[in-house]
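Undergrad: Can you read through this structure? Questions will come right after.
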Amino acid sequence: MALTMNDVERFEASRPRLEAIAYRLLGSASEAEDAVQETFLRWQATDVARVEVPEAWLTKVLTNLCLNQLTSARARRETYVGQWLPEPLLAGDPMLGPADTAEQRESVSFAVLALLERLSPGERAVYVLREAFGYPHREIAGILDITEAASQQIFHRAGKHVAEGRARTEVDEAAARRIVDEFLAAATSGRTEPLVRLLTQDAVSIGDGGGKVPARAKAFEGARAVATFLRGLFKPGKAKRALAGGSPEIYAATANGDPAVVAVVDGRVIGVMCLEVTPEGIAGFRNQVNPDKLERATRRWASTDHGEPLFHAF
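This is the structure:
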């Protein structure tokens, strides 16, 4: 049946929430957009007049589309070249969704999105709907066709898995800038020791090049190994400039709520490095350099004022 203008407007009013749910479930902005578009097509094909609660109907359809996607994504990620990391979202991106509580902000951090990869699709859906969007277990049960008691049990189990990850420290934009400034000063000093002092002893660095940009298949582990890698990463070299397509402009930014380093060449984001900050120091670096996962970041970058670069790398 043809949708009325009111039906379309109702869907569009729900789009930001649907995209934010889909991104947390899938870890991919492009796949989240596709899932929301497919939800619209299902909305277009149904008898909207018979839908009692459109928001609940849309959430149920979207979530189940994402669950199907997650099941197939697990198989694809087994053959993914190198490490798989989520697609970064720069500060202000509406797909980041609600950020009123610490739990909501943490649910979209790179560290938590990586931890969610350990969960089954069902656990991930329950955790996201409850923790990030505050859905009551009664509604989650209806969305996933499970009992309310099962939803509570799954959430408890998923929460334990996520809690096993490292505790993160919330920082505002000013603090993020200071952290990134301090890190970059150490990384470009040409010495390893200043970097080691900023890191936790069990720090890790993970890179995702998707087989399109060189990135080590195995994570660097331990403060000294990570510091040595980072020192080399920021060391100038002609080969690096050629690979990057020029001398990257380096900016301090925020991505997924974390302090981040953004590398830009001719207006194109070629890398986003998210820093996981804990009370003990910087515990993790998640470096997204797969160009397929930086298209949205590039569009966002072009539409915002980001000031002058801190310096030109390489």
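Going by the numbering used here, the residue at position 150 of the sequence shown is 151; the numbering climbs one at a time, nothing skipped. No residue lacks a Cβ here, since even glycine has one placed at the ideal position from N, Cα and C. In this text the structure is predicted, and so the values were computed from the model without any measurement.
Find the nearest neighbour of residue 266 within the set 42, 298, 257, 70, judged by alpha-carbon distance.
TA: If we check each option's Cα against that of residue 266, 298 comes out closest.
Undergrad: Report buried or exposed for residue 10, applying the criterion of at least 16 other Cβ atoms within 10 angstroms of its Cβ.
TA: With fewer than 16 Cβ atoms within 10 Å of its Cβ, residue 10 is classed as exposed.
Undergrad: What is the residue span of the beta strand (DSSP E) that residue 29 lies within?
TA: Here residue 29 belongs to no beta strand (DSSP E), and DSSP marks it neither H nor E.
Undergrad: Counting only runs that start and end within the region 212 to 278, where is the alpha helix (DSSP H) found for 4 or more residues in a row?
TA: The qualifying runs are 224 to 234, 239 to 245.
Undergrad: Using the C-alpha atoms, what's the distance from residue 41 back to residue 12?
TA: Roughly 7 Å separates the two Cα atoms.
Undergrad: Please look up how many angstroms separate the CB atoms of residue 89 and residue 227, rounded, as I've assumed it's under 8 Å.
TA: Contact flag wrong, Cβ pair sits at about 19 Å.
Undergrad: Taking Cβ positions, are residue 86 and residue 258 nearer each other than 9 Å?
TA: The answer is no: Cβ separation not under 9 Å.
Undergrad: According to the neighbour-count rule (16 or more other Cβ atoms, all chains shown, within 10 Å of its Cβ), is residue 231 buried or exposed?
TA: When all chains shown are included, residue 231 counts as buried.
Undergrad: Could you give the distance in angstroms between the alpha-carbon of residue 23 and the alpha-carbon of residue 64?
TA: Looking at the two C-alpha atoms, the distance is approximately 7 Å.
Undergrad: Are the Cβ atoms of residue 163 and residue 128 separated by less than 9 Å?
TA: In contact: residue 163 and residue 128 (Cβ atoms closer than 9 Å).
Undergrad: Return the residue from the list 300, 20, 284, 150 that minimises the CA-CA distance to residue 202.
TA: The shortest C-alpha separation from residue 202 is found at 284.
Undergrad: Answer yes or no: do residue 18 and residue 60 have a C-beta to C-beta separation smaller than 9 Å?
TA: Yes, the Cβ-Cβ distance between residue 18 and residue 60 is below 9 Å.
Undergrad: I need the straight-line Cα distance from residue 30 to residue 148, nearest angstrom please.
TA: Each residue's Cα considered, the two are about 30 Å apart.
Undergrad: Taking C-alpha atoms, which residue in 225, 287, 261 lies nearest to residue 195?
TA: Nearest option by C-alpha distance: 225.
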